[in-house]
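Trainee: Residue numbers (the UniProt record's numbering), protein chains in the order written: chain G, 1 to 198; chain B, 1 to 198.
Note that CB positions come from ideal geometry on N, CA and C, so glycine has one too.
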DNA sequence: GTCTATAACCAGATAGAC
DNA sequence: GTCTATCTGGTTATAGAC
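Following this line, the structure appears as structure tokens:
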């Protein structure tokens, strides 16, 4: 696909780096302009506001994440798919640490102006987990939520799996970045494997 | 223990409510003063700065959480302890939704001035999970980290369990708050039970 | 200890030349 | 399409009366 103009890209990259380090509200448009090597006016020519800039950034990020999960589970089912997705997610986060930190900090928020669109894409990413989980044969007997609920039991389970991975990744990237992705994957999959229960 | 003066408490309560709804940076000191029913000057008499105010709030929150986990596992070991802690954590978060939302949004951040002290207490909370996990007999064979690492394998696993619970809780509190705590606990424990693998 | 009033500052956004 | 210069509003924090 044709990359957008170099300026737009430079701005997004700069914004990502700064926001990963300082958070979104800790990042000023002046900071972004300096880091991107453009004038502040150019920011507002290319993006209508600070909110829109970061909305696009996060939407891109969640899109990448969804695509990664979809690829990881293609051709696999059930636990094998889940295992593959956890590994792929950890690898994506480690290759893109700035994005990982930004998303970890922002994906749980509910107070942002772009919260709605971010929530939609978050659900899209969770949906990638839902299908393999369904294939493992989750027992009925618990309320399934139905269409009038915000989330059903499968989505709750998917959220837990995703949360386990994300939190494992965060400990890793922030506090122990030298550790290998295999180590972290082993820990996360261990938590999900049921061996805690035996 | 003797509660601090009514004013300090009123300020902290007001700050918690507002921050849960709007995030910390979305909450102004004026907002807090109005909500608490005091003048802004009193805020700065009782807390030296906005940062200090919210630092104390977060620290109190993590303290409550650690205490809750400690109580939940007392007298239990291994998986039974873990199960009890997950339930207790979900109950705490549901009884204290403002705190839950605030902590979910802030505990992962790395850009706050109080990040260091928050991290220490977060590790303390995770440590409550570490002991029961150790009791389940995590196999050696993977690097255990040792004291020169920021986190060892057990801490990674604990982080995953904690992350699974927190993320499950968030879906629940934000998007489907009518659901019962039993439903959510069932989903989280299901994810950790290993039944996904069978 | 709490209030009112104000200082000092900073960030998001815009105007208009080039 | 990008720049410089500026405006405007809102926010943290302080001074000083009561």
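Could you say if the segment 39-50 of chain B and the segment 128-138 of chain B meet the contact criterion of at least three C-beta pairs nearer than 8 angstroms?
Mentor: At 8 angstroms Cβ cutoff, the stretches do not touch.
Trainee: Strictly under 8 angstroms for the Cβ-Cβ distance: is residue 56 of chain G near chain B by that measure?
Mentor: No, because no Cβ of chain B sits closer than 8 angstroms to the Cβ of residue 56 of chain G.
Trainee: Exposed or buried, which one is residue 81 of chain B when buried takes at least 16 other CB atoms within 10 Å?
Mentor: By the 10 Å Cβ count, residue 81 of chain B comes out buried.
Trainee: Are residue 94 of chain G and residue 173 of chain G touching if we call contact CB-CB under 8 angstroms?
Mentor: Yes, Cβ-Cβ distance for residue 94 of chain G and residue 173 of chain G is below 8 angstroms.
Trainee: Any C-beta of chain G within less than 7 angstroms: which residues of the segment 7-26 of chain B qualify?
Mentor: Flagged, chain order: 21, 22, 23, 25 and 26.
Trainee: Consider the Cβ of residue 171 of chain B: report whether some Cβ of chain G lies at a distance smaller than 8 angstroms.
Mentor: Yes, its Cβ sits closer than 8 angstroms to a Cβ of chain G.
Trainee: Considering residue 104 of chain G, what are the terminal residues of the alpha helix (DSSP H) in which it resides?
Mentor: Per DSSP, residue 104 of chain G belongs to the alpha helix (DSSP H) from 97-106.
Trainee: Within the 8 angstroms Cβ cut-off, does residue 114 of chain G reach chain B?
Mentor: By this cut-off, residue 114 of chain G is not an interface position.
Trainee: At what residues does the alpha helix (DSSP H) containing residue 168 of chain B begin and finish?
Mentor: Segment 153-170, the alpha helix (DSSP H) holding residue 168 of chain B.
Trainee: If you follow the alpha helix (DSSP H) that residue 117 of chain G is in, where does it begin and where does it stop?
Mentor: Unbroken alpha helix (DSSP H) run through residue 117 of chain G: 115-135.
Trainee: Against chain B, which members of the segment 117-130 of chain G pass a CB distance test of less than 7 angstroms?
Mentor: Under the 7 angstroms Cβ criterion, the segment 117-130 of chain G contributes no residue.
Trainee: Taking only the alpha-carbon atoms, compute the straight-line gap between residue 28 of chain G and residue 166 of chain G and give it to the nearest angstrom.
Mentor: If you take the alpha carbons of residue 28 of chain G and residue 166 of chain G, they lie about 27 angstroms apart.
Trainee: Mind listing the chain G neighbours of residue 160 of chain B? Cutoff is C-beta to C-beta under 7 angstroms, in chain order.
Mentor: The answer, in chain order, is 164, 167, 168, 187, 188 and 191.
Trainee: What residues from chain B crowd round residue 109 of chain G, counting only those whose CB sits closer than 7 angstroms?
Mentor: Here the neighbours are 23 and 105.
Trainee: Please state whether the Cβ-Cβ distance between residue 85 of chain G and residue 108 of chain G is less than 8 angstroms.
Mentor: The answer is no: Cβ separation not under 8 angstroms.
Trainee: Note down, in chain order, every chain B residue with its Cβ under 7 angstroms from the Cβ of residue 134 of chain G.
Mentor: Ordered by position in chain B, no residue passes the 7 angstroms Cβ test against residue 134 of chain G, which lies about 11 angstroms from the chain.
Trainee: On the criterion of 16 or more Cβ atoms from any shown chain inside 10 Å, does residue 155 of chain G qualify as buried, or is it exposed?
Mentor: With 16 or more other Cβ atoms within 10 Å, it is buried.
Trainee: Please look up how many angstroms separate the CB atoms of residue 42 of chain B and residue 7 of chain B, rounded, as I've assumed it's under 8 angstroms.
Mentor: With a Cβ gap of about 6 angstroms, residue 42 of chain B and residue 7 of chain B count as contacting.
Trainee: Alpha carbon to alpha carbon, what distance is there between residue 160 of chain G and residue 168 of chain B?
Mentor: Roughly 5 angstroms separates the two Cα atoms.
Trainee: Among residues of its own chain, excluding the 5 on either side of residue 61 of chain B, which ones have a beta-carbon nearer than 6 angstroms to its beta-carbon?
Mentor: So the list reads 99 and 103, once near-sequence residues are dropped.
Trainee: At 7 angstroms on the CB atoms, spell out the chain G contacts of residue 196 of chain B, in chain order.
Mentor: Neighbours of residue 196 of chain B on chain G, chain order: 79, 82, 133, 136 and 192.
Trainee: Could you give the distance in angstroms between the alpha-carbon of residue 147 of chain G and the alpha-carbon of residue 16 of chain B?
Mentor: Unreliable positioning characterises residue 147 of chain G in this predicted model, as indicated by a pLDDT of 47, which lies under 50. A coordinate reading is not provided.
Trainee: Could you give the DSSP three-state label for residue 138 of chain B: helix, strand or coil?
Mentor: Residue 138 of chain B falls in the coil class under three-state DSSP.
Trainee: Taking 8 angstroms as the threshold (beta carbon to beta carbon), is residue 156 of chain B in contact with chain G?
Mentor: Taking Cβ atoms only, chain G reaches closer than 8 angstroms to residue 156 of chain B, which makes this a yes.
Trainee: Kindly indicate if chain B contains any beta-carbon less than 8 angstroms away from that of residue 101 of chain G.
Mentor: Yes, residue 101 of chain G counts as interfacial toward chain B.
Trainee: Quick one: which chain G residues come within Cβ less than 8 angstroms of residue 31 of chain B?
Mentor: Going along chain G, no residue has its Cβ under 8 angstroms from residue 31 of chain B, so there is no contact; the nearest lies around 13 angstroms.
Trainee: Within a Cβ cutoff of 6 angstroms, which residues of the same chain sit near residue 19 of chain G, ignoring the five residues on either side of it in sequence?
Mentor: The residues are 27 and 102.
Trainee: Compare the C-beta of residue 174 of chain B against all C-beta atoms of chain G and say whether one is closer than 8 angstroms.
Mentor: So, interface residue.
Trainee: Closer than 8 angstroms by C-beta to residue 72 of chain B: which residues in its own chain qualify, once you throw out the five before and the five after it? Chain order, please.
Mentor: If we look at residue 72 of chain B and ignore the five residues flanking it on each side, its Cβ neighbours are 81, 84, 85, 87, 88 and 89.
Trainee: If residue 123 of chain B and residue 138 of chain B are in contact, beta carbons under 8 angstroms, what's the gap, nearest whole angstrom?
Mentor: Actually they do not touch by this definition, with Cβ atoms about 18 angstroms apart.
Trainee: Just to confirm before moving on: does the CB-CB distance between residue 57 of chain B and residue 118 of chain B stay below 8 angstroms?
Mentor: Contact flag unset, no.
Trainee: What do you reckon, are the CB atoms on residue 163 of chain B and residue 163 of chain G nearer than 8 angstroms?
Mentor: For residue 163 of chain B and residue 163 of chain G, yes; Cβs fall inside 8 angstroms.
Trainee: To the nearest angstrom, how far is it from the Cα of residue 185 of chain G to the Cα of residue 54 of chain G?
Mentor: Cα-Cα distance, rounded: 30 angstroms.
Trainee: For residue 147 of chain G, decide whether its Cβ has a neighbour in chain B, counting only Cβ atoms nearer than 8 angstroms.
Mentor: Because residue 147 of chain G carries a pLDDT of 47, less than 50, the predicted location of this residue cannot be relied on, and the following value inherits that uncertainty. Not one chain B Cβ lies under 8 angstroms of residue 147 of chain G.
Trainee: How would you label residue 30 of chain G, buried or exposed, when you count the other beta carbons within 10 angstroms and need 16 or more for buried?
Mentor: Residue 30 of chain G should be labelled exposed.
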